[in-house]
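**Q** Residue numbers (my numbering), protein chains in the order written: chain A, 0 to 288; chain B, 208 to 641. Mind looking over this structure? Questions follow.
Printed below as a string of structure tokens:
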């Protein structure tokens, strides 16, 4: 039983890691631009397809393909911000519709480029790190966890210790006051989108060999990410990370000890309970975007 | 008019055009009726299955197989109905495994395309189509007899008796690996997964193999299978059963079983693209995996009693046109067409009611893997499933090999009550389905 519990903790930690990356990116974009980006799951999907193209098809090193995924999806995010979302800055409903359109376009492009079938990605590593008797973690999953910790740590430092990090936080808290202080909202939005998309892209790239890579793979991730940001408090980065951990542990433990279908219901109940008890989410507040 | 003639047509051009037109008309009168009937020379068959999305692997390869079948039949003179040759043409509609889209597709195929028969994967999409079948009397086929009920008079399951044939794999395993004493099972929670769970439970119980824990059902949207596999392996089973999981699940589950150091037996309904499973695990790990869908280059298919047309040549042609795409359903829809064609030729008509009557005449039919019975009243409330032999396939040296053709009716005679009991427990009997 102890082995099973420990192995489940390991599985949950991995799930929390990539989910936190996706959710934090989503929160960052919402915080600065006020847009709920439904296409965020497709940024995750694009990252995975970078691995298909660079690692599986061109047989280049896996880590290089992850770097390509990070940069490419970041550029796609910046392009989307400039061409599609910035004109909708004062129109949240319009931004929402645009994000749905972008979602469909990106899915269609992936389908046209790679087909609808699941991609077969050779495993970069089949090494399993034994943590204890009967408890192990594949190296590939360990890399995801370490990368998530490193990237989220770097983001925290960026937001707390750099001028542009302060500018992003200021833009999220009060856009008008930030603009009066000379902060360019256009640049802040671009940076938020670049970082948010890059986090989703790198999550997709890192997990591509571990999950089903297909054009609609963003759907299940974005549903979980929305639950996470609602539970954590929309706009709260810390809330997103903690809610990702809570959601992943609840989902994984229920899947392991009860049923996978019940686990989905538990995730939704968790969101419902938080909305009833604290409608702004665990770490959300009315005046904090 | 005369001005137009005088300015645009020279006498030579006019004569030339008239000669060509006369020749064409004469040719039309002389030849086509010998080759393909003039007025209704094309019989259209509807292909209403998922061609995109999660379940596309059980639709698109079947359409590819049908296209080869159609080309071969047309090249051999077409379908002979009432002494007249007809070309066959497939009209495809992608239902994306969505009931509403399937319904729209069925309506379009019948009203706009004038098809005479519609082949479906079935499952979740059949409830959307059933009202169309009821209203039009169109003949439909499904790969999933669990769609059958007393209300589905024009729906037949002539190729695949899913999930009932899964009993043959378990029966073979019990006879050939008697040291395996326990099993666990997981499945996606949908119309394909649940009846298959009930069937496997019955088959393992009949074989005297102990179940360790309840079946683990997972959401079809699941992407990370580590928790599912951790749970299954916690009870240290001899056998892990993957039920009728889609290809997209079988591969990551197998990879997780490999990474979590499972060393026992795997049994699955399908193992499409098993070469990719080997790539993600190892040849040794996949050795001995039992499933139900052979590669058609297997010499066992060229033996007497197999009714599929040139299976080895079909596989070769398929592999040439669609390299790496061979899957469980690549041959199945084509085998349904064999049966439909034989019935239409026997009936002398392509009309749905006449073909259905001819198809079921005498209560027997030529299934791909041998003569079979139209059966199903006990389980589905209607004898519209063609049930006979089904192959048991094992991976040996990295290649799928048919080990035997199991007889489903024989298993049913011995253990039918168990199957009914488990189907009832999961609400899968025809009188329990909504």
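Glycine included, every Cβ here is placed at the ideal spot set by N, Cα and C.
Measuring only the C-alpha atoms, how far is residue 434(B) from residue 254(A)?
**A** In a straight line, the C-alpha of residue 434(B) is about 6 Å away from that of residue 254(A).
**Q** In the stretch 127-157 of chain A, which residues sit with their C-beta less than 8 Å from some C-beta in chain B, listed in chain order?
**A** The stretch 127-157 of chain A vs chain B, Cβ under 8 Å: 127, 135, 137 and 140.
**Q** Going along the chain, which unbroken runs of the alpha helix (DSSP H) with 4 or more residues stay wholly within the stretch 528-575 of chain B?
**A** Here the runs fully enclosed are 539-554 and 559-567.
**Q** Chain A partners of residue 610(B), CB-CB under 9 Å?
**A** Neighbours of residue 610(B) on chain A: none; closest Cβ ~27 Å, over 9 Å.
**Q** Measuring CB atoms only, is the stretch 289-303 of chain B touching the stretch 250-265 of chain B, in the sense that at least three cross pairs come out at less than 8 Å?
**A** Output reads yes: the stretch 250-265 of chain B touches the stretch 289-303 of chain B.
**Q** Do residue 611(B) and residue 599(B) come within 8 Å of each other at the CB atom, strictly closer than that value?
**A** Yes. Within cutoff.
**Q** Please check if any C-beta of chain A sits within less than 8 Å of the C-beta of residue 388(B).
**A** Chain A, which has no Cβ nearer than 8 Å to the Cβ of residue 388(B), makes this no.
**Q** For residue 444(B), which residues of its own chain have a beta-carbon under 7 Å away from its beta-carbon, when the five flanking residues on both sides are left out?
**A** Within the same chain, residue 444(B) has close Cβ partners 389, 390, 391, 419 and 471.
**Q** According to DSSP, residue 253(B) sits in a beta bridge with which residue or residues?
**A** In the DSSP output, where bridge partners are listed per residue, residue 253(B) has 298(B) and 325(B).
**Q** Taking Cβ-Cβ distances shorter than 7 Å, what residues in chain E pair up with residue 115(A)?
**A** As a matter of chain content, chain E is missing from the structure shown, whose protein chains are A and B.
**Q** Counting only beta-carbon atoms, is residue 184(A) nearer than 8 Å to chain B?
**A** No, because no Cβ of chain B sits closer than 8 Å to the Cβ of residue 184(A).
**Q** Per DSSP, what kind of secondary structure is residue 592(B) in: helix, strand or coil?
**A** DSSP places residue 592(B) in strand when its eight states are reduced to three.
**Q** By the 10 Å Cβ neighbour count, where 16 or more other Cβ atoms means buried, how is residue 490(B) classified, buried or exposed?
**A** When all chains shown are included, residue 490(B) counts as exposed.
**Q** Once you ignore the five residues that flank residue 29(A) on each side, which residues in its own chain have a CB closer than 8 Å to its CB?
**A** Only 35, 36, 228, 233, 234 and 288 meet the Cβ criterion.
**Q** Tell me the rounded alpha-carbon separation between residue 467(B) and residue 130(A).
**A** The straight-line gap from Cα to Cα measures roughly 12 Å.
**Q** For residue 258(A) versus residue 424(B), is the C-beta spacing smaller than 8 Å?
**A** For residue 258(A) and residue 424(B), yes; Cβs fall inside 8 Å.
**Q** State yes or no: is the C-beta of residue 51(A) within less than 8 Å of the C-beta of residue 207(A)?
**A** Cβ atoms of residue 51(A) and residue 207(A): closer than 8 Å.
**Q** Do you know offhand how far residue 637(B)'s Cα is from residue 478(B)'s?
**A** Answer to the nearest angstrom: the Cα atoms are 29 Å apart.
**Q** Using a C-beta cutoff of 8 Å, does residue 434(B) count as contacting chain A?
**A** It does: the Cβ of residue 434(B) has a partner Cβ on chain A nearer than 8 Å.
**Q** Beta-carbon separation of residue 548(B) and residue 317(B) under 8 Å?
**A** Not in contact: residue 548(B) and residue 317(B) (Cβ atoms no closer than 8 Å).
**Q** Assign residue 371(B) to one of three DSSP states: helix, strand, or coil.
**A** In this structure, residue 371(B) counts as coil in the three-state DSSP scheme.
**Q** On a CA-only basis, which of 584(B), 271(B), 619(B) and 629(B) is nearest residue 357(B)? Give me that one, please.
**A** Nearest C-alpha to residue 357(B): 584(B).
**Q** Quick one: grab the DSSP three-state call for residue 73(A).
**A** Correct three-state label for residue 73(A): helix.
**Q** Assign residue 271(A) to one of two classes, buried (16 or more other C-beta atoms within 10 Å of its C-beta) or exposed (fewer than that).
**A** Burial call: exposed.
**Q** Taking Cβ to Cβ, would you say residue 571(B) is nearer than 8 Å to residue 580(B)?
**A** Against a cut-off of 8 Å, the Cβ pair of residue 580(B) and residue 571(B) comes out as a contact.
**Q** Alpha carbon to alpha carbon, how far is residue 183(A) from residue 151(A)?
**A** Cα to Cα, residue 183(A) sits roughly 24 Å from residue 151(A).
**Q** Looking at residue 508(B): is its Cβ nearer than 8 Å to the Cβ of residue 473(B)?
**A** Their beta carbons are not under 8 Å apart, which means residue 508(B) does not touch residue 473(B) by this criterion.
**Q** Name the DSSP beta bridge partners of residue 418(B), please?
**A** Answer is 390(B), bridged to residue 418(B).
**Q** Find out if the Cβ-Cβ distance for the pair residue 475(B), residue 452(B) is shorter than 8 Å.
**A** Yes, these two residues count as a Cβ contact at 8 Å.
**Q** Is it buried or exposed, residue 273(A), if we count other Cβ atoms within 10 angstroms and call 16 or more buried?
**A** Burial call: buried.
**Q** Taking all protein chains shown into account, do 16 or more other C-beta atoms lie within 10 angstroms of the C-beta of residue 156(A), making it buried, or fewer, making it exposed?
**A** Result: exposed.
**Q** Counting only runs of 4+ residues fully inside the stretch 403-454 of chain B, write out the alpha helix (DSSP H) ranges in chain order.
**A** Here the runs fully enclosed are 433-441.
**Q** Under 8 Å between beta-carbons, which chain B residues line up against residue 121(A)? List them in chain order, please.
**A** The contacting residues are 486 and 487.
**Q** Taking only beta-carbon positions, decide if residue 87(A) is within less than 8 Å of chain B.
**A** Not one chain B Cβ lies under 8 Å of residue 87(A).
**Q** Could you list which residues in chain A have their beta carbon closer than 8 Å to that of residue 642(B), in chain order?
**A** Nothing about residue 642(B) can be reported from this structure: the residues present for chain B run from 208 to 641 only.
**Q** Can you confirm whether residue 76(A), when its beta carbon is compared against all beta carbons of chain B, has any partner nearer than 8 Å?
**A** Judged by the 8 Å Cβ criterion, residue 76(A) is not in contact with chain B.
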